[in-house]
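All remarks here apply to the structure that follows.
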Amino acid sequence: MHTILSKKILTERTWHMRVAAPLVARKCCAGQFIMLRIHESGERIPLTIADWDRAAGFIDIYFQEIGATTELLATLEPGDTILDVVGPLGNPSHVEKIDGTFVMVGGGFGIAAGYPVARAFKEAGNRVVAVLGAKTRKLLICEEMLKSVCDEVYVATNDGSYGTQGLVSDVLQGLLDEGEDIRLVYPVGPPIMMKIISQMTLPHKIKTIVSLNSIMVDGTGMCGSCRVTVAGKTRFVCSEGIDFDGHEVNWDEMMSRQKMYGRQEAVALSHHHEHGACWGGAR
Amino acid sequence: MSDYSKNLTIAERCAIPRQPMPHQDPVERISNFNEVALGWDKDTAVEEAHRCLLCKTPKCVTNCPAEIDIPGFIRKIADGNFLESARILRASSALPAVCGRVCPQESQCELTCSLGKKYQPVAIGRLERFASDYALFEEELPIPDTAPPTGKRVAVVGAGPAGITVAGDLVKLGHEVTLFEALHEPGGVLVYGIPEFRLPKEIVRLELEVIQKLGVRLVKNFVVGRTATVDDLLEEFDAVFLGNGAGAPKFLGIPGENLNGVYSASEYLTRCNLMKSHNFPGNSTPVAEGGKVVVLGGGNVAMDAVRMSLRLGADEATILYRRSRKELPARIEEIENAEAEGVNFNYLVNPVRFIGNEQNWVTGVECLRMELGEPDSSGRCRPLPVKGSEFVVPAEMVIVAIGQSANPIVASTATGIETDERGYFIADDDGRTTKPGVFAGGDIVTGAATVILAIGAGKKSARAIHDYLGDSRWPAEILS
Ligand SMILES: Cc1cc2nc3c(=O)[nH]c(=O)nc-3n(C[C@H](O)[C@H](O)[C@H](O)COP(=O)(O)OP(=O)(O)OC[C@H]3O[C@@H](n4cnc5c(N)ncnc54)[C@H](O)[C@@H]3O)c2cc1C
Ligand SMILES: Cc1cc2nc3c(=O)[nH]c(=O)nc-3n(C[C@H](O)[C@H](O)[C@H](O)COP(=O)(O)OP(=O)(O)OC[C@H]3O[C@@H](n4cnc5c(N)ncnc54)[C@H](O)[C@@H]3O)c2cc1C
Ligand code: SF4
Ligand code: SF4
Ligand code: FES
Chain W
1 MHTILSKKIL TERTWHMRVA APLVARKCCA GQFIMLRIHE SGERIPLTIA DWDRAAGFID
61 IYFQEIGATT ELLATLEPGD TILDVVGPLG NPSHVEKIDG TFVMVGGGFG IAAGYPVARA
121 FKEAGNRVVA VLGAKTRKLL ICEEMLKSVC DEVYVATNDG SYGTQGLVSD VLQGLLDEGE
181 DIRLVYPVGP PIMMKIISQM TLPHKIKTIV SLNSIMVDGT GMCGSCRVTV AGKTRFVCSE
241 GIDFDGHEVN WDEMMSRQKM YGRQEAVALS HHHEHGACWG GAR
Chain L
284 MSDYSKNLTI AERCAIPRQP MPHQDPVERI SNFNEVALGW DKDTAVEEAH RCLLCKTPKC
344 VTNCPAEIDI PGFIRKIADG NFLESARILR ASSALPAVCG RVCPQESQCE LTCSLGKKYQ
404 PVAIGRLERF ASDYALFEEE LPIPDTAPPT GKRVAVVGAG PAGITVAGDL VKLGHEVTLF
464 EALHEPGGVL VYGIPEFRLP KEIVRLELEV IQKLGVRLVK NFVVGRTATV DDLLEEFDAV
524 FLGNGAGAPK FLGIPGENLN GVYSASEYLT RCNLMKSHNF PGNSTPVAEG GKVVVLGGGN
584 VAMDAVRMSL RLGADEATIL YRRSRKELPA RIEEIENAEA EGVNFNYLVN PVRFIGNEQN
644 WVTGVECLRM ELGEPDSSGR CRPLPVKGSE FVVPAEMVIV AIGQSANPIV ASTATGIETD
704 ERGYFIADDD GRTTKPGVFA GGDIVTGAAT VILAIGAGKK SARAIHDYLG DSRWPAEILS
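Next up, the structure:
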């Protein structure tokens with residue numbers, strides 16, 4: 001049982017939650033995630049560990065309400081418990097002093113997920129730039145948090161309500177045009193964004209590391225649900241990643257696998273809307 | 284009350300026919316998840332027990348990796364003392380009700396049963412199931428005494444058959460045992476792999492309760508190699524046993540295997556068993572269902588997956604296997620069960636690629652016909668492709684059940700534990716790895732095998748760990 005210590009709404013459907021998980025906090029590093037299961041008949045879902053306090057024994061998660069499980073999670077209040085939290089899972093991101101600028105490109109919950117990696121690269125003595133994207137200013141999350149660990153933070157909004165009007169890729173292009181000496185790009189967010197950024201950096205031969213968010217069941221390498229093709233080989237995201245070379249990922253396959261349960265997810269969501277509060281699963 | 288002492292002659296015992304196992308009707312059972320084999324009543328069990336000759340040097344025992352006193356427990360059934368029978372079983376095995384169901388008895392104890400030379404062997408497995416179920420459901424067996432505390436602490440990694448055995452044996456010897464399990468449910472393959480209709484999860488839960496009552500501390504949701512490394516554990520514990528199983532699914536490496544609708548058997552069965560997808564959306568983990576289901580492989584895992592798909596509403600369920608029926612590695616009983624349930628078996632075919640539609644969903648498996656060539660080193664005939672024999676088996680879902688390999692998480696985060704080229708731990712007969720204080724056994728040493736071999740390995744390791752806790756000695760030769 002893991003107690004929810006605090007909860008804050010950041011935008012309409014994005015939440016920050018602090019959860020007691022001493023064993024995870026003791027060991028976790030930038031780039032790792034947890035699997036959580038809210039109750040007996042719940043699904044196991046992966047969420048990135050965005051921050052942690054080893055001494056106090058808690059971790060921070062940021063999540064977007066997009067389906068039955070994340071909507072249910074959003075209804076829990078401080079003091080409530082989550083049945084299972086397991087982690088830290090995945091391999092820690094490879095962090096080192098690089099010869100040039102590190103650029104974290106974040107979209108949606110990816111901004112929070114990329115935060116610990118940006119911080120780690122800063123701590124390793126690098127120049128760190130963040131490019132954050134949102135549809136509109138109201139939906140932008142974690143800007144202050146990123147500012148505290150980055151040399152520069154740029155924002156792109158689709159409607160131009162804040163920062164540059166356009167996409168994160170436009171801002172990245174601008175940085176390249178201005179001659180920023182970019183050596184490593186780290187896009188985190190929706191696969192389509194990660195795909196576009198990877199395609200952009202390829203001709204410039206800029207190393208691009210992506211954190212893949214494929215569908216998972218166990219998160220420990222036991223089932224193969226999370227598999228993707230990287231450099232022509234089948235790889236398990238949870239046990240061999242989650243970071244991979246963005247230039248080698250088969251994006252179309254990755255994106256279509258993410259939609260594998262589209263029909264069932266809709267059923268689950270309407271079931272949740274009807275029965276949400278009673279967690280009506282038979283065992 | 285001893286019925287056995289009625290002193291039947293050997294001839295009279297031999298004349299008793301082997302008792303059949305009643306089964307749920309095939310038509311009915313494919314629309315439920317309940318156990319297929321219904322078990323015996325007392326009279327049937329006692330009757331079967333009378334077939335045993337109580338051999339002075341019982342050949343059956345030599346082929347039981349758990350070293351169960353087989354004539355001893357069978358005699359107690361014949362005497363009507365079922366609880367005492369269960370006590371004898373539990374003295375040697377932490378999972379008798381499981382083994383009585385899933386052990387490949389035909390190639391273990393029953394293979395060497397003396398009666399089997401001229402008649403059918405004693406149904407040892409079914410008797411084992413009967414007596415141990417009796418102690419789980421009818422009359423409780425008192426929890427045995429444990430030795431006085433030794434003050435030694437042992438970490439057991441993985442709550443599968445190997446880990447459960449080590450934990451149970453060591454706790455009885457007075458050691459303090461913590462059992463770490465990666466998943467939210469202990470039991471290993473017994474809970475996430477083998478389906479309810481073959482092994483009810485209640486059985487696994489009750490048998491685990493016994494070792495917990497003995498004092499084993501169970502820590503779920505703890506992934507060794509992530510939540511803590513083996514080296515971390517060695518700072519807190521005097522010895523570590525690795526029983527983490529051969530949990531990583533193998534794929535064929537042919538085009539299209541990552542199409543939607545293509546599952547590993549591990550994923551499919553985990554969704555169905557551990558996550559209870561059959562109850563979706565009440566249980567919120569989804570699984571693809573219905574349509575034409577094709578399963579690749581011919582072992583127990585393939586049989587479980589194909590039979591599960593029927594219960595989840597497949598219109599048609601087909602096994603594709605490279606060789607012929609007689610080479611199928613699955614237990615005969617399970618092959619017959621699958622056949623009775625209406626599974627199609629398509630022999631001598633080899634998949635070469637998966638075919639998908641625009642939405643990246645699988646629509647079929649392209650195969651080659653095979654013919655059997657000369658026997659290979661395993662003694663089985665080697666299948667050879669027939670040129671130009673390509674054909675497509677239509678499928679809306681494909682389950683790949685061609686085996687498991689080693690999950691690297693534990694080994695890759697530990698220092699000084701050597702593995703072979705396939706990633707399995709190198710260990711001596713008693714489970715000693717190349718790192719002092721670290722033992723390993725079960726599928727993670729042998730490669731995917733059987734429940735009883737994992738239990739056997741666990742028993743040997745438990746003895747070796749007990750010795751090591753006493754004298755801290757580690758043989759030099761494996762440290763080379
Ligand atoms: C390594 C990793 C880290 C992640 N970190 C975060 C995070 O920090 N914050 C956040 O908001 N989201 C994160 N996600 C995505 C998050 O897991 C999904 O949003 C969540 O599982 C959706 O569950 P649902 O029931 O609410 O929605 P559903 O209706 O079930 O699914 C909506 C979409 O979520 C994805 N999804 C569904 N089930 C899973 C699953 N078991 N595993 C992965 N994806 C799934 C699918 O693409 C699906 O289309 C991460 C995913 C991965 C793999
Ligand atoms: C579908 C299926 C059907 C089968 N049918 C039969 C049958 O009929 N008869 C038979 O005899 N055998 C059968 N087998 C084989 C048998 O189940 C295995 O040989 C046996 O379970 C091996 O036991 P084990 O203890 O070595 O490993 P497992 O049962 O695999 O248990 C390993 C445990 O370790 C846990 N673990 C893994 N990694 C970690 C980690 N890093 N940290 C903590 N815990 C970890 C796992 O979650 C698991 O609980 C079948 C196997 C499958 C998959
Ligand atoms: S454990 Fe297996 S091999 Fe041993 S007696 Fe029981 S069925 Fe036979
Ligand atoms: S070998 Fe057969 S007949 Fe003899 S003791 Fe064992 S089970 Fe009984
Ligand atoms: S989620 Fe099961 S192997 Fe990655």
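Chains as they are written, first to last, in our numbering: chain W, 1 to 283; chain L, 284 to 763. Beta carbons: idealized from backbone N, C-alpha and C, even for Gly. Predicted model only: the values in this text are computed from it and were never measured.
Item: CB contact flag (residue 217 of chain W, residue 198 of chain W, <8 Å); Value: no
Item: Outcome for residue 9 of chain W when other beta-carbon atoms lying within 10 angstroms are tallied against a minimum of 16; Value: exposed
Item: Rounded straight-line distance, which links the Cα of residue 189 of chain W to that of residue 484 of chain L; Value: 39 Å
Item: Straight-line gap, residue 413 of chain L to residue 549 of chain L (C-alpha atoms, nearest Å); Value: 30 Å
Item: Exposure of residue 51 of chain W, with buried meaning 16 or more beta-carbon neighbours within 10 Å; Value: buried
Item: Ranges of the alpha helix (DSSP H) found wholly within the segment 140-191 of chain W, counting only runs of at least 4; Value: 143-147 and 168-177
Item: Beta-carbon contacts of residue 110 of chain W that lie in its chain and below 7 Å, excluding the five residues immediately before and after; Value: 188 and 189
Item: Own chain residues within Cβ distance below 7 Å of residue 137 of chain W, not counting five before or after; Value: 157, 161 and 162
Item: Simplified DSSP assignment, three categories, for residue 674 of chain L; Value: strand
Item: Simplified DSSP state of residue 512 of chain L, which is helix, strand or coil; Value: coil
Item: Three-state class that DSSP yields for residue 50 of chain W in the structure shown; Value: coil
Item: Integer Cβ distance of residue 341 of chain L from residue 353 of chain L, believed to fall under 8 Å; Value: 6 Å
Item: Contacting positions in the segment 562-590 of chain L - beta carbon closer than 7 Å to chain W; Value: 562, 563, 564, 565, 566, 567, 568 and 569
Item: Under 8 Å between C-beta atoms of residue 555 of chain L and residue 586 of chain L; Value: no
Item: Ligand 5 heavy atom lying under 7 Å from the CB of residue 239 of chain W; Value: yes
Item: Residues that residue 218 of chain W contacts on chain L, provided the C-beta gap is smaller than 7 Å; Value: 466 and 553
Item: Three-way DSSP call (helix, strand, coil) for residue 227 of chain W in this model; Value: strand
Item: Residues near residue 121 of chain W in its chain [Cβ-Cβ closer than 7 Å; skip 5 each side]; Value: 95, 102 and 128
Item: Backbone secondary structure at residue 503 of chain L - three-state DSSP; Value: coil
Item: As assigned by DSSP and simplified to three states, the class of residue 650 of chain L; Value: strand
Item: Residue-level contact to chain L via CB, residue 278 of chain W, 8 Å cutoff; Value: Residue confidence for residue 278 of chain W is low, a pLDDT of 49 falling below 50, so the modelled location carries little weight; the figure read from the coordinates is stated next. Not closer than 8 Å to any Cβ of chain L, the Cβ of residue 278 of chain W fails to qualify, so no.
Item: First through last residue of the beta strand (DSSP E) which encompasses residue 264 of chain W; Value: Careful: residue 264 of chain W lies outside any beta strand (DSSP E), inside the alpha helix (DSSP H) at 262-275.
Item: 6 Å CB neighbourhood of residue 682 of chain L in its chain, flanking five on each side removed; Value: 546, 548, 551, 578 and 588
Item: Neighbour flag for residue 439 of chain L against chain W, beta carbons, 8 Å; Value: no
Item: Check whether residue 463 of chain L and residue 440 of chain L have beta carbons under 8 Å apart; Value: yes
Item: Member of W/227, W/226, W/224 and W/220 whose CA lies at the smallest distance from the CA of residue 509 of chain L; Value: W/220
Item: is_contact[residue 660 of chain L, chain W] using C-beta, thresh 8 Å; Value: no
Item: Distance cut-off 7 Å: residue 217 of chain W Cβ against heavy atoms of ligand 5; Value: yes
Item: Whole-angstrom distance between residue 564 of chain L and residue 263 of chain W, CA atom to CA atom; Value: 12 Å
Item: For residue 233 of chain W, three-class secondary structure by DSSP; Value: strand
Item: CB contact below 8 Å: residue 152 of chain W versus chain L; Value: no
Item: Collapsed DSSP secondary structure at residue 411 of chain L in the structure displayed; Value: helix
Item: Whole-angstrom distance between residue 130 of chain W and residue 150 of chain W, CA atom to CA atom; Value: 7 Å
Item: Members of the segment 490-511 of chain L near chain W, C-beta cut-off 8 Å; Value: 503, 504, 505, 506, 509, 510 and 511
Item: Neighbouring residues, chain L, relative to residue 294 of chain W (Cβ below 7 Å); Value: With chain W running from 1 to 283 in the structure shown, residue 294 of chain W is simply not present.
Item: Assigned exposure category for residue 435 of chain L - 16 Cβ within 10 Å defines buried; Value: buried
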